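Below: one structure, written as structure tokens.
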Amino acid sequence: MPDTVSSLNGIPIRLPDGRWQRTETAARAIANYREAQSYLKFLPLLHDLPKRPFFIVYDSEADVLYIDFNNPPQSAEDSEITDDDIVIRYNDADCIVGLTILNASQR
């Protein structure tokens, strides 16, 4: 670690090794928090889902989040897509069995 760094105003700042370690740890925690933000956006959606075990998979290559309200997932007989690119999947009894969220990372 460098003994001193310059502030935005060009003023030299000296931090002891222990302080550098705490600063680095805090910076890593902030980076992890920022990375988790994309996943935290889904919490309101998950809060409104039925309160029972369900199956959820994110395909990062396709940027699609699959949510099935049954575990193991049931096959859908019909589906519809909403204006905000969410596919609602129905079984043969016309009950919702799952959701497919397109462009999931952009939400």
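Position 52 of the sequence shown, counting from 1, maps to 51 under numbering that gives the first Met the number 0, and the rest follow consecutively.
All C-beta atoms, glycine included, are put in the ideal place defined by N, C-alpha and C.
Note that the coordinates shown come from a computational prediction; the quantities given were computed from them, not determined experimentally.
Practice prompt. Determine which residues share a DSSP beta bridge with residue 88 and list them.
Written response: Beta-bridge pairing links residue 88 to 78, 97.
Worksheet item: Who does residue 67 pair with in a DSSP beta bridge?
Response: Residue pairing from DSSP places residue 67 in a beta bridge opposite 54, 97.
Worksheet item: Between residue 91 and residue 76, which are expected to be in contact by the criterion C-beta below 8 Å, what is the C-beta distance as a whole number of angstroms?
Response: Correct: roughly 4 Å between the Cβ atoms.
Worksheet entry | residue 52 versus residue 81: straight-line alpha-carbon distance, rounded | Each residue's alpha carbon lies about 25 Å from the other.
Worksheet item: Can you check whether the CB of residue 85 is closer than 8 Å to the CB of residue 100?
Response: If you check the CB distance, residue 100 and residue 85 come in under 8 Å.
Item to complete: Give the range of the beta strand (DSSP E) segment to which residue 11 is assigned.
Response: From DSSP, the beta strand (DSSP E) with residue 11 extends over 11-13.
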